[in-house]
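Going down the list, the protein sequences come from chains A and B.
7 is the number of the first residue of the first sequence in our numbering; add one for each residue after it.
3 is the number of the first residue of the second sequence in our numbering; add one for each residue after it.
No residue lacks a Cβ here, since even glycine has one placed at the ideal position from N, Cα and C.
Just so it is clear, the structure is predicted and the values come from calculations on it, not from any experiment.
Encoded as structure tokens, the structure appears first; notes follow it.
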Amino acid sequence: MTIYGVAIMAIAALLGTALGDILGQAVHVKANVGGVGFAMIFLVTARVWLEKRGALTPGIKLGVEFWATMYIPVIVAMAADLNVFSASKSGPMVLMAGAASVLSCAIVVAIISRLDKGNSAKWEPPPDVFIDGAAINGPSGPLPDDVASDQTPRTP
Amino acid sequence: MSYLAGLLKTESLITAFALVGVVMFLSHLASKYLTRGRVHGSAIAIVAGLGLAWWGGRVTHGNNGLADVPMFAGVGLMGSNLFRDFAIVATAFEVDVAQAKRAGLLGAFAIVIGTALPFTMGVMVARAYGFTDAVSLTTIGAGAITYIVGGVTGTAIGASSTLLALSIGVGVFKAILVMVGTPIAAKYIGLDNPRSAMAYGGLMGTVSGVTGGLAATDPKLVPYGALVATFHTGFGCLVGPSILFFTVRFLVGG
């Protein structure tokens with residue numbers, strides 16, 4: 007059932023947030039430390055476990071994939087909430103500090119990916135999961151028929 | 003007309019779904035016909051979102067962009083951390099576990115550099131613009147890490163609200179630059195595989211910037227960048243009011 011996928015994700019998100027809060031308190035920080043990251047790790051763990059048991063039904067996948075496909079629209083909404091007007095009016099110091107920070111980090115990314123070429127060149131998206139980010143981009147064609155039937159276990 | 007305005011206001015989240023859907027549709031049309039697919043539709047949609055935020059801020063003089071316009075308040079909920087984080091978690095379903103494990107160390111390394119480097123840059127720029135005391139320098143430097151780190155750090159070390167606004171301004175501008183700049187810079191900085199996406203997430207840090215930028219570049223890379231970037235903010239909030247502040251205070255005295 008679709009709700010199973012949504013619920014698994016919600017449980018992963020709650021556990022991750024709780025763990026992030028606990029970690030934040032442990033190191034005396036007034037913020038959640040890595041909660042979303044932990045939640046992502048929990049969800050991946052759940053996927054791998056379900057896959058191994060052949061229990062990753064199309065329904066569960068649909069429940070999670072729906073939210074993944076909503077990801078870009080949510081980001082667009084988030085962009086529309088930023089205080090762009092005041093940022094655009096802020097003085098040269100704000101612009102300089104922001105630009106210097108982004109530029110210096112971009113240069114380090116470029117250096118790392120040059121040095122790291124050998125490690126990353128071989129990467130292909132895992133064939134068993136979603137192809138070409140379809141889960142985030144949204145499927146290009148109509149949904150496959152099996153989405154409708156919840157009972158078929160996923161073929162490994 | 004007033005009925006319509008009232009309806010859109012009561013059904014605010016639903017209005018937001020419709021509005022964002024229309025923005026996405028128009029952006030994809032623009033991508034296809036105006037740029038012949040060269041500029042990703044998502045990139046155009048994000049820039050359109052920023053444009054709407056600018057308009058909202060101009061009309062209402064509020065802090066929350068379009069969400070301050072009563073009719074579009076639902077955009078604030080749709081784009082809130084709650085929805086954003088839930089959707090980011092969902093993208094993890096697509097993570098290639100072996101890849102993510104192998105790049106873990108690289109990600110951690112990137113987080114440390116991605117905190118120290120922008121902080122140093124921010125402090126240097128603030129110093130060049132005449133700030134000399136440890137609290138101001140640290141607050142502005144922390145804003146250059148991300149706007150959340152800027153806010154948390156500034157509050158923790160007792161910065162004034164003007165200073166906080168300045169610091170958060172630096173962070174917001176950084177997020178905007180990363181969102182818009184990533185698709186343009188991707189080719190030149192080798193951003194085409196999970197490892198570099200993880201390094202990128204750790205270095206840029208800003209979750210909104212990284213995930214927005216990667217979404218507009220190559221959605222496959224989003225979960226990898228996000229996985230690391232979400233730890234970046236926590237790390238920044240940890241070292242900002244402590245190690246970084248003490249270091250600055252040691253260097254400038256006072």
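- For a contact meaning CB atoms closer than 9 Å, what does G67 (chain B) contact in chain A? Taking the second sequence and counting its residues from 1, the one referred to as residue 67 (chain B) is at position 65. Chain A residues near G67 (chain B): A85, A86, D87, L88, N89, V90 and F91.
- Query: Exposed or buried, what is W55 (chain A) when buried is set at 16 or more other beta-carbons lying within 10 Å of its beta-carbon?
  - Reply: Numbered from 1 along the first sequence, position 49 holds the residue referred to as residue 55 (chain A). Residue environment: W55 (chain A) is assigned as exposed (fewer than 16 neighbouring CB atoms within 10 Å of its CB, all protein chains considered).
- Query: How many angstroms separate the CA atom of L25 (chain A) from the CA atom of I113 (chain A)?
  - Reply: Your numbering for residue 25 (chain A) matches position 19 in the first sequence. Your numbering for residue 113 (chain A) matches position 107 in the first sequence. Approximately 33 Å, taken between the alpha carbons.
- Task: Return yes when the Cβ of L101 (chain A) is within less than 8 Å of the Cβ of F175 (chain B), no when it is not.
- Result: Here residue 175 (chain B) refers to the residue found at position 173 of the second sequence. Here residue 101 (chain A) refers to the residue found at position 95 of the first sequence. Yes.
- Cβ of P64 (chain A) within 8 Å of any chain B Cβ: Taking the first residue of the first sequence as position 1, residue 64 (chain A) is located at position 58. So no, P64 (chain A) is outside the interface.
- Where does E13 (chain B) land, buried or exposed, given buried means 16+ other C-beta within 10 angstroms? Residue mapping note: residue 13 (chain B) aligns to position 11 of the second sequence, counting from 1. So E13 (chain B) counts as exposed.
- Message: Quick check: is the beta carbon of Y10 (chain A) nearer than 8 Å to any beta carbon in chain B?
- Response: Residue numbering aside, residue 10 (chain A) sits at position 4 when the first sequence is read from its first letter. No, Y10 (chain A) lies away from the interface with chain B (no Cβ there is under 8 Å from its Cβ).
- Item | Neighbour flag for K11 (chain B) against chain A, beta carbons, 8 Å | One-based indexing of the second sequence puts residue 11 (chain B) at position 9. Closer than 8 Å: no.
- Residue interval of the alpha helix (DSSP H) (run including T213 (chain B)): In the second sequence, counting from the first residue as 1, residue 213 (chain B) sits at position 211. Residues V209 to T219.
- In whole angstroms, what is the alpha-carbon distance linking T208 (chain B) and L88 (chain A)? By one-based count along the second sequence, residue 208 (chain B) stands at place 206. By one-based count along the first sequence, residue 88 (chain A) stands at place 82. So the alpha carbons of these two residues sit roughly 13 Å apart.
- Interface residues of chain B around M7 (chain A) at Cβ under 8 Å? Residue 7 (chain A) sits at position 1 when you count from the first residue of the first sequence. Near M7 (chain A) there are no residues of chain B at all, since even the closest Cβ is about 17 Å away, more than 8 Å.
- Message: Any C-beta of chain A within less than 7 Å: which residues of the segment 66 to 100 of chain B qualify?
- Response: Listed in sequence order: N66, G67, L68, A69, V77, G78, M80, G81, F85, R86, D87, F88, A89, I90, V91, A92, T93, A94, F95, E96, V97, D98 and V99.
- Considering only the beta carbon of each residue, do I113 (chain B) and F233 (chain B) sit closer than 8 Å? Within the second sequence, the letter at position 111 stands for residue 113 (chain B). Within the second sequence, the letter at position 231 stands for residue 233 (chain B). In this structure, F233 (chain B) lies closer than 8 Å to I113 (chain B) by Cβ.
- State the Cα-Cα distance for the pair S169 (chain B) and A61 (chain A), rounded to the nearest angstrom. In the second sequence, counting from the first residue as 1, residue 169 (chain B) sits at position 167. In the first sequence, counting from the first residue as 1, residue 61 (chain A) sits at position 55. Going by C-alpha positions, S169 (chain B) is about 48 Å away from A61 (chain A).
- Task: Answer yes or no: does any C-beta atom of chain A fall closer than 8 Å to that of I186 (chain B)?
- Result: Numbered from its first residue, the second sequence carries residue 186 (chain B) at position 184. Not an interface residue.
- Task: Report back the beta-carbon spacing between A55 (chain B) and L36 (chain B) to the nearest angstrom; my notes put them in contact at under 8 Å.
- Result: For the purposes of this step, residue 55 (chain B) is taken as the residue at position 53 of the second sequence. For the purposes of this step, residue 36 (chain B) is taken as the residue at position 34 of the second sequence. Actually they do not touch by this definition, with Cβ atoms about 22 Å apart.
- Item | Classification of G43 (chain A) by the beta-carbon crowding that lies within 10 angstroms, buried from 16 upward | Position 37 of the first sequence holds residue 43 (chain A). Buried.
- Query: Within 10 angstroms of its Cβ, does A102 (chain B) collect 16 or more other Cβ (buried), or is it exposed?
  - Reply: Counting from one through the second sequence, the residue named residue 102 (chain B) turns up at place 100. When all chains shown are included, A102 (chain B) counts as buried.
- Message: Under 8 Å, Cβ to Cβ, is there at least one residue of chain A near G116 (chain B)?
- Response: Here residue 116 (chain B) refers to the residue found at position 114 when the second sequence is read from its first residue. For G116 (chain B), the nearest beta carbon of chain A is closer than 8 Å to its own beta carbon.
- Query: Beta-carbon separation of V254 (chain B) and L139 (chain B) under 8 Å?
  - Reply: Counted from its first residue, the second sequence places residue 254 (chain B) at position 252. Counted from its first residue, the second sequence places residue 139 (chain B) at position 137. In contact: V254 (chain B) and L139 (chain B) (Cβ atoms closer than 8 Å).
- Item | Boundaries (first-last residue) of the alpha helix (DSSP H) holding H34 (chain A) | Position 28 of the first sequence, counting from 1, holds the residue named residue 34 (chain A). Segment: none, H34 (chain A) is in no alpha helix (DSSP H) and carries neither H nor E.
- Query: With C-beta atoms as the reference, is T17 (chain B) less than 8 Å away from G53 (chain B)?
  - Reply: Counted from its first residue, the second sequence places residue 17 (chain B) at position 15. Counted from its first residue, the second sequence places residue 53 (chain B) at position 51. The answer is no: Cβ separation not under 8 Å.
- Task: My understanding is that A217 (chain B) touches S107 (chain A), with C-beta atoms under 8 Å, so please give their C-beta distance in whole angstroms.
- Result: Residue numbering aside, residue 217 (chain B) sits at position 215 when the second sequence is read from its first letter. Residue numbering aside, residue 107 (chain A) sits at position 101 when the first sequence is read from its first letter. Their Cβ separation, rounded to whole angstroms, is 21 Å, which puts A217 (chain B) and S107 (chain A) out of contact at 8 Å.
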